[in-house]
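Sequential numbering of the sequence shown, starting at 639, is according to the numbering used here.
Data block below; observations after.
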Amino acid sequence: MLTTDGSWIQLDADPLKPYEDLDDWDKGVEAAGYYKWGTFGRPDESPLWLDIYRRNTTPGLTVPFFMIVLSSPGYYEIVYAESTPAMMALQAQWAPAIQAAAMTDLLGRLNDGSTEYGIAGLIRRALK
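Next comes the structure, spelled out in structure tokens:
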């Protein structure tokens with residue numbers, strides 16, 4: 639978990655672990671006390687993005703305030719942030735990688751000569 643002072647600490651237990659038996663990601667996240675707060679990047683259009691979950695303000699919850707899920711089309715990794723400043727620092731650290739992945743993917747699509755559709759096809763047709 640990234641703390642407010644910028645250091646990383648190991649959690650004693652994964653806040654989602656007690657809810658693994660639900661076999662449903664959304665139900666497990668909700669049971670752990672989180673709701674989807676936002677997304678950085680575009681899951682349908684980017685090779686890398688962050689889904690950010692915020693803890694409900696339910697009394698007695700001892701989970702970290704934010705859960706950040708770094709995702710790609712075939713993989714994800716979960717990290718936690720202690721507070722809003724820690725979550726913003728984590729987001730700022732990942733922003734360059736997410737932007738670079740999106741731009742690399744876009745440039746690859748624009749250079750793909752195998753399609754006539756989308757932006758690449760439109761540009762090729764306009765240049766003919």
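For every residue, glycine included, the Cβ atom is placed at its ideal position computed from N, Cα and C.
The structure presented is a predicted model; accordingly, all values stated were derived computationally and were not measured.
Original post:
In chain order, what residues of the same chain lie with their CB nearer than 6 angstroms to the CB of residue 707, ignoring the 5 residues before and after it?
Top reply: 689, 714 and 716
**OP:** Reducing DSSP to helix, strand and coil, say where residue 701 ends up.
**Re:** coil
Subject >> Completely contained alpha helix (DSSP H) runs for the stretch 653-719, where each covers 4 or more residues >> reply: 663-669
Original post:
Given residue 736, which residues of its chain have a CB within under 8 angstroms of its CB, disregarding the five upstream and five downstream residues?
Top reply: 678, 679, 684, 686, 687 and 688
Original post:
From 648, 674 and 657, pick the residue whose C-alpha is nearest to that of residue 666; which is it?
Top reply: 657
Original post:
What's the call for residue 645, buried or exposed, on a 16-neighbour Cβ count within 10 Å?
Top reply: exposed
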